[in-house]
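Chemist:
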Amino acid sequence: METPIFFTASVLFILLTFGLFALIISGLRSVLKQTAWETIQQKKILYLTTAGFAGWILFTGILANSGFLAVFNTLPPRLLVILLPPLVFIVALTFSLKFTQLLQRIPPGWLIGIQSFRVLMEIILWMCFADNIIPVQMTFEGRNFDILVGLSAPIIAYFCFVKKVWSPRVAIAWNICGLIILANIVIVAILSAPVPFRVFMNEPANTFIAHLPFVWLPAFVVPVAYWMHILSLKQLLFASKTQNRPVLSNKIIVNQMN
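Taking our numbering, I'd label the letters of the sequence shown as residues 5 to 262.
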């Protein structure tokens, strides 16, 4: 029987998922308008991206509702069906030429500030733990430190890119730490599921990610988190490399004159 706590957590999670979806599409629309690309091309990219994200959310929802993902004793795990495609998509898109051009127009603070959504995500996970849906190690009471990334995101964005009193290197270090923390909870979550290689044997097992609506946690929300880190790192490292290039050139000129 569904409890009020779980119902509230589910509603909050659905709002978070589609809120992120809307925010990404809105941001893409804004960035596309800054390009010199033809309007038809801008609309095509926007529509294809929207359809792709919406289709993926719909597909994974149908897959979860069918019960296919709820079988954990197979090797390889069936969850790979929803874990691998986002990774392939993100790598391909991030390093494509067109997206690299778009990335240069995204405000660096936006890619970091959006990570504050992880505070709400951690509250939702804690509510699930309080309702005996997930094990303690998947929350901030256990081995999940992801809330620290969400809490610090607006601070890093503000002092690095609004006030500009902190070096972009702080943001680079923060992104790396954020990826490590995210990888930690992903590993903990996998090893808490009733898979053949399960490590955390305390109950309840992590099975809620195989069901609606929480299938969108590994299928969409987590990929968004590590995608934003990867985009931010690429943007900041590229900017750092570009800024250092003239300095090196000047040094070469001075040496040649001497």
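Glycine residues also receive a C-beta, built at the ideal position from the N, C-alpha and C atoms. Please read these numbers as outputs of a predicted model, since none were measured by experiment.
For leucine 334, which three-state DSSP category applies?
Modeler: Limits of the chain in this structure are 5 at one end and 262 at the other, which puts residue 334 out of reach.
Chemist: Go through its chain and collect everything with a Cβ distance to isoleucine 185's Cβ below 8 Å, but skip five positions before and after it.
Modeler: Result list for isoleucine 185: Phe149, Asp150, Leu152, Val153, in chain order.
Chemist: What do you reckon, are the CB atoms on valine 85 and leucine 73 nearer than 9 Å?
Modeler: Cβ distance < 9 Å, so valine 85 and leucine 73 count as in contact.
Chemist: What's the gap between the Cα of threonine 64 and the Cα of alanine 55?
Modeler: Distance between the alpha carbons of threonine 64 and alanine 55 is about 14 Å.
Chemist: Give me, in chain order, the residues of the same chain whose beta-carbon lies closer than 8 Å to that of glutamine 239; leave out the 5 immediate sequence neighbours on both sides.
Modeler: Leu107, Gln108, Ile110, Pro112, Leu115, listed in sequence order.
Chemist: Which same chain residues, not among the five before or five after glutamine 38, have their C-beta less than 7 Å away from its C-beta?
Modeler: Closer than 7 Å at Cβ, skipping near neighbours: Arg109.
Chemist: What are the boundary residues of the alpha helix (DSSP H) that glutamate 126 is part of?
Modeler: Looking at the DSSP string, the run of the alpha helix (DSSP H) that includes glutamate 126 is 121 to 134.
Chemist: Using only CA atoms, which one of Phe99, Trp41, Cys132 lies nearest to valine 15?
Modeler: If we check each option's Cα against that of valine 15, Cys132 comes out closest.
Chemist: How big is the Cα-Cα spacing for alanine 209 and isoleucine 180?
Modeler: Each residue's alpha carbon lies about 29 Å from the other.
Chemist: So, for glutamine 119: in the same chain, excluding its five sequence neighbours on each side, which residues have a beta-carbon less than 8 Å away from its beta-carbon?
Modeler: Excluding sequence neighbours, glutamine 119 sits near Val153, Gly154, Ala157, Gly182, Ala229, Met232, His233.
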